[in-house]
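This report refers to the structure that appears directly beneath it.
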Amino acid sequence: MRVLVVEDDAVLLNGLEVGLGMAGYTVEAVSTCADASAALDTSDFDAVVLDLMLPDGSGLDVLAALRGHASKVPVLLLTARDSVPDRIAGLDAGADDYLGKPFDLDEVAARLRALVRRVGGHAAATLQWRDIVLDPASMGVTRGGKSVRLSRREFSILRALIDRPGQILSKPQLEERLYGWQEEIESNTIEVHIHNLRAKLGPGIVETVRGVGYRMAEAGA
Amino acid sequence: MRSIRARLFAILLVTTGIVWVSAIVWIYLSTKAEVERVLDARLTEAARMVSSLITSQEIAVRKADGPAAAAVAVPHVSYDRQLSCQIWGFDGTLVGRSESAPGQPLTNAKSGFSETTVDGETWRVYAITNPELGIRVLVGDNLRVRDRLVADVIRGLAFPALLILPVLAGLIWLSVGRGLGPMNAMASALAARPASDLSALPDHDSPSEIRPVIRALNGLFARVGAVRERERDFTAFAAHELRTPIAGLKTQAQIALGSEDEAIRNNALRQITVGVDRTARLVRQLTDLTHAESGEFDDSIGHVDVGAAIQSLADDIGQHHRDTASVSISPELARLKLDTNPSLFMVGTRNLLENAILHSPFDKLVVCDVRHEPEGVSITIDDCGPGIPEDELPKVCNRFFRGRNPTQTGSGLGLAIAELACERMGATLHLENRSEGGLRAELRFAAVIGARQARSD
Numbered sequence: 003m004r005v006l007v008v009e010d011d012a013v014l015l016n017g018l019e020v021g022l023g024m025a026g027y028t029v030e031a032v033s034t035c036a037d038a039s040a041a042l043d044t045s046d047f048d049a050v051v052l053d054l055m056l057p058d059g060s061g062l063d064v065l066a067a068l069r070g071h072a073s074k075v076p077v078l079l080l081t082a083r084d085s086v087p088d089r090i091a092g093l094d095a096g097a098d099d100y101l102g103k104p105f106d107l108d109e110v111a112a113r114l115r116a117l118v119r120r121v122g123g124h125a126a127a128t129l130q131w132r133d134i135v136l137d138p139a140s141m142g143v144t145r146g147g148k149s150v151r152l153s154r155r156e157f158s159i160l161r162a163l164i165d166r167p168g169q170i171l172s173k174p175q176l177e178e179r180l181y182g183w184q185e186e187i188e189s190n191t192i193e194v195h196i197h198n199l200r201a202k203l204g205p206g207i208v209e210t211v212r213g214v215g216y217r218m219a220e221a222g223a
Numbered sequence: 023m024r025s026i027r028a029r030l031f032a033i034l035l036v037t038t039g040i041v042w043v044s045a046i047v048w049i050y051l052s053t054k055a056e057v058e059r060v061l062d063a064r065l066t067e068a069a070r071m072v073s074s075l076i077t078s079q080e081i082a083v084r085k086a087d088g089p090a091a092a093a094v095a096v097p098h099v100s101y102d103r104q105l106s107c108q109i110w111g112f113d114g115t116l117v118g119r120s121e122s123a124p125g126q127p128l129t130n131a132k133s134g135f136s137e138t139t140v141d142g143e144t145w146r147v148y149a150i151t152n153p154e155l156g157i158r159v160l161v162g163d164n165l166r167v168r169d170r171l172v173a174d175v176i177r178g179l180a181f182p183a184l185l186i187l188p189v190l191a192g193l194i195w196l197s198v199g200r201g202l203g204p205m206n207a208m209a210s211a212l213a214a215r216p217a218s219d220l221s222a223l224p225d226h227d228s229p230s231e232i233r234p235v236i237r238a239l240n241g242l243f244a245r246v247g248a249v250r251e252r253e254r255d256f257t258a259f260a261a262h263e264l265r266t267p268i269a270g271l272k273t274q275a276q277i278a279l280g281s282e283d284e285a286i287r288n289n290a291l292r293q294i295t296v297g298v299d300r301t302a303r304l305v306r307q308l309t310d311l312t313h314a315e316s317g318e319f320d321d322s323i324g325h326v327d328v329g330a331a332i333q334s335l336a337d338d339i340g341q342h343h344r345d346t347a348s349v350s351i352s353p354e355l356a357r358l359k360l361d362t363n364p365s366l367f368m369v370g371t372r373n374l375l376e377n378a379i380l381h382s383p384f385d386k387l388v389v390c391d392v393r394h395e396p397e398g399v400s401i402t403i404d405d406c407g408p409g410i411p412e413d414e415l416p417k418v419c420n421r422f423f424r425g426r427n428p429t430q431t432g433s434g435l436g437l438a439i440a441e442l443a444c445e446r447m448g449a450t451l452h453l454e455n456r457s458e459g460g461l462r463a464e465l466r467f468a469a470v471i472g473a474r475q476a477r478s479d
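Keeping their order, the protein sequence lines are chains A and B. According to this note's numbering, the residues represented by the first sequence are 3 to 223, in order. According to this note's numbering, the residues represented by the second sequence are 23 to 479, in order.
As C-alpha cells, then:
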C-alpha cells in the first residue's frame, strides 16, 4: 500500500510518515505542490493524503491536476480549514474524504483503508482468499481460523497478491509497494519475504510464475 | 447642569426675562422723558397764558388776603388739578394762587424751570416775570403726580407680562422637550441595538443639528467594524495556523505511545520538542503582531543602544535555538545610538535577526553593520542562508507566507511583524539577496530622524 503524503509542516509530515508506516503503509512524504505533482506523475499510489495550504500553492490545484489526468487514486484532504464551505469546496474538487486538523492518527489510517477498499470494489473491511482472512486494520492474518503472525512487509506482499487474485505481480511491482524512495532495497528481499510467507502459511498458497512474478495459486493447485 | 432641557429652559427663561426687563426700563425712561417734555411744555404754556391774561387786564391783580384754603395739603389722588399757579408781587406779596397751590412760594428762581420742595412735596416749577406789572407768575407741577403717571404706564405694561410669564415658561419647557425629540429618538435607537450591530444609523430624515453627530457615530461604527473584522480574520487565521503544529504534536505523541521501537519513540519525542518550540514561537509572534498592530506599544521615543540591543537579542535567540550561527556586530554599529521606540525596535530587529540566524548554517556568521547615508542611517543584517527566490520577495512580508525555503520553526509571521514594527517606527524594511549568497535585511531610518539621532558618539 503506497501512500503519498503532502504536508508542509515538518513535524506533522514526519509523524504521518512514521505513523502510517506503523499502520502498514509505504509512505512517500513530500512538502510542496511541485514535489507532489512530480511524484504523482512518475509513480502509482494507492492513496494520497493532501494538505491544502502548501508553500507554493493550494493542494486543491494538485487535486485538480490529478483529476484532470483522469486519475482515480483516492485522495484524503487534511487541512486546518475545515468549515463546511471548505469541506464542500474540497469534495467538489475531487477529494474522496476530508479530515480537519488536529486529527487522530488511527482515524487517518482507517479512512485510508476505507478509501482504498472502495476503489478496489470491496465493501467488507477484511479480504478473504480461500480460508485465509486478512484484516488490514489490525494487520492480522488467519488461516482456517488460526492466527498467523506476519511481519509488516510479508503482510503487504500477501495483501497485494490477494487484492488481485489471479493477476501476476512482478518483483519490481512488489518492491514499489513495499519501499519508499529513500529506502535501500536488497536484491533478494522479495524472495526472502515470499519464502517466509510460504513457511508461515503453508505450501500451495503463493505461486511463482517463472520469469514473470508471483500470484495466488490457481484453484486446485 | 446635567440636562440639556433644563439648561435650555433656564437660558431661554433668563434671556426672555432680561429682554422684558430691558424693554420695561427703556419704556420707563422714554415715557418719563416724554412726559416731562410734554408737561414742561404745558407748564411754560400755562405760565405764559396766565401772564398774558394779567397783562391784558383780564384777570384783576389784587393783593391776596392771606393763605388760601386748606386744600393745599391734600394730595391729589387723580390727575385733575395737578397744576398749581401762584402770582407773586415783586415785593414778596402773594397776589393770587390757584386752589391747589401752597401758600409759600413754589420757587425762589426768577424765571425758567426749577425744582423745589415745599411741605414735603417736590414741585417742578416754571417762573415767568412780568416787569410791567411787577409780578412773577409761578406755575408748578407736583412731581409725585408726574411719577405716578409714568408708574401707571409701566404697571400697565408689566402686569400682563407677569401674568403671561408662567404660561411662557410652560410653553418654553414643552417646546424645548419637543425640539430635543430627535435626540431622544436617536438615544433610544442606540440603546436598543445589540453590541454586534454596527450598521449605520439612517441620517436622511434627521434634523441638520443631529446629522453631524449621526455621521460621526456612523464613521465610528465603520472604523470599529473594520477593526473588528480584521481581528476576526486574524483570529480565524491564527486558529487555523495553530492547528497544523498541534496536529503534528498529537500525531507524534500517538506514535510515541503506540510504538514498541525505542528509536521510533525517541524520534517522536524529539519531533515533539521541535513542534513545541515552533508552536511557542508562533504564539509569541502572534502576540507580538497583535501588540504591534493594536498600538499597545506606547509611541514614546526612547534611547536605544543599538549594539547592546542586538547583542542581547542574539544571546536570547542562542538560548532558544542551540547550535546556530553566531552574530557579529561591527564596532560602528556597536556605538550607534538611535532615538526611537525601544519596544518596536526590539520586536522588529528580533524577528529579522532570528530569521537570519535560523537560515544560516551553524558554522557561518550573521553580520550586523550600519551605513550612514545622506538620506539617513541603515542597519543591515546579512545572513549566509539560501536567500529568498526573487519571485517570492514581494510576498514574503505577507502574513503566514512561508516560501520554498522555510525553517523548521518558521511561522510565516516574522517578516510581517518586522515590517509592521518598522512602519510604526517610521523606518522602512528592505530585503534583497546578496550577490555572494544569503539575504540582506536592511532597516532604513529616515534622515530627519537620522541626522539628529543616529550619529554615533
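Cβ coordinates follow ideal geometry from the N, Cα and C atoms, glycine included.
How about residue i and residue j: do their beta carbons lie closer than 9 Å?
i	j	result
residue 158(A)	residue 179(A)	yes
residue 220(B)	residue 212(B)	no
residue 191(B)	residue 30(B)	no
residue 361(B)	residue 326(B)	yes
residue 110(B)	residue 187(B)	no
residue 332(B)	residue 375(B)	yes
residue 452(B)	residue 463(B)	yes
residue 466(B)	residue 409(B)	no
residue 120(A)	residue 167(A)	no
Reducing DSSP to helix, strand and coil, say where residue i ends up.
i	result
residue 362(B)	strand
residue 223(A)	Here residue 223(A) scores only 43 on pLDDT, less than 50, and its place in the model is too uncertain to base an answer on.
residue 123(A)	coil
residue 166(A)	coil
residue 164(B)	strand
residue 223(B)	coil
residue 381(B)	helix
residue 72(A)	coil
residue 284(B)	helix
residue 34(A)	coil
Nearest chain A C-beta to residue i closer than 9 Å, yes or no?
i	result
residue 397(B)	no
residue 271(B)	yes
residue 424(B)	yes
residue 265(B)	yes
residue 479(B)	Caution is warranted here: a pLDDT of 43 is assigned to residue 479(B), below 50, making its placement in the model unreliable, and the coordinate value is therefore given only provisionally. With 9 Å as the cut-off, residue 479(B) does not count as an interface residue toward chain A.
residue 280(B)	yes
residue 293(B)	yes
residue 302(B)	no
residue 341(B)	no
residue 296(B)	yes
residue 381(B)	no
residue 276(B)	yes
Give a yes or no on whether 9 Å exceeds the smallest Cβ distance from residue i to chain B.
i	result
residue 179(A)	no
residue 155(A)	no
residue 108(A)	yes
residue 83(A)	yes
residue 10(A)	yes
residue 103(A)	yes
residue 63(A)	no
residue 17(A)	yes
residue 14(A)	yes
residue 57(A)	yes
residue 20(A)	yes
residue 141(A)	no
Where do the N-terminal and C-terminal ends of the beta strand (DSSP E) with residue i fall, by residue?
i	result
residue 140(A)	No beta strand (DSSP E) holds residue 140(A); DSSP gives it neither H nor E.
residue 99(A)	99-102
residue 413(B)	Per DSSP, residue 413(B) belongs to no beta strand (DSSP E) and is neither H nor E.
residue 108(B)	105-111
Could you give the first and the last residue of the continuous alpha helix (DSSP H) run that contains residue i?
i	result
residue 13(B)	Residue 13(B) is absent from the structure shown; chain B starts at 23 and stops at 479.
residue 129(B)	That residue, residue 129(B), is in no alpha helix (DSSP H); it is neither H nor E in DSSP.
Touch test, the stretch 32-40 of chain A against the stretch 75-83 of chain A, Cβ-Cβ under 8 Å, three pairs minimum: no
contact_flag[the stretch 190-206 of chain B, the stretch 71-79 of chain B] where n(CB pairs < 8 Å) is 3 or more: no
Validate contact between the stretch 50-61 of chain A and the stretch 199-212 of chain A using beta carbons, cut 8 Å, 3 pairs: no
Three CB pairs or more closer than 8 Å across the stretch 380-400 of chain B and the stretch 331-348 of chain B: yes
Cβ pair count under 8 Å reaching 3, the stretch 242-257 of chain B against the stretch 65-79 of chain A: Of all C-beta pairs linking the stretch 242-257 of chain B to the stretch 65-79 of chain A, fewer than three are shorter than 8 Å, placing the two stretches out of contact.
Meets three-Cβ-pair contact criterion under 8 Å: the stretch 11-24 of chain A and the stretch 98-115 of chain A: yes
Touch test, the stretch 119-128 of chain A against the stretch 286-303 of chain B, Cβ-Cβ under 8 Å, three pairs minimum: no
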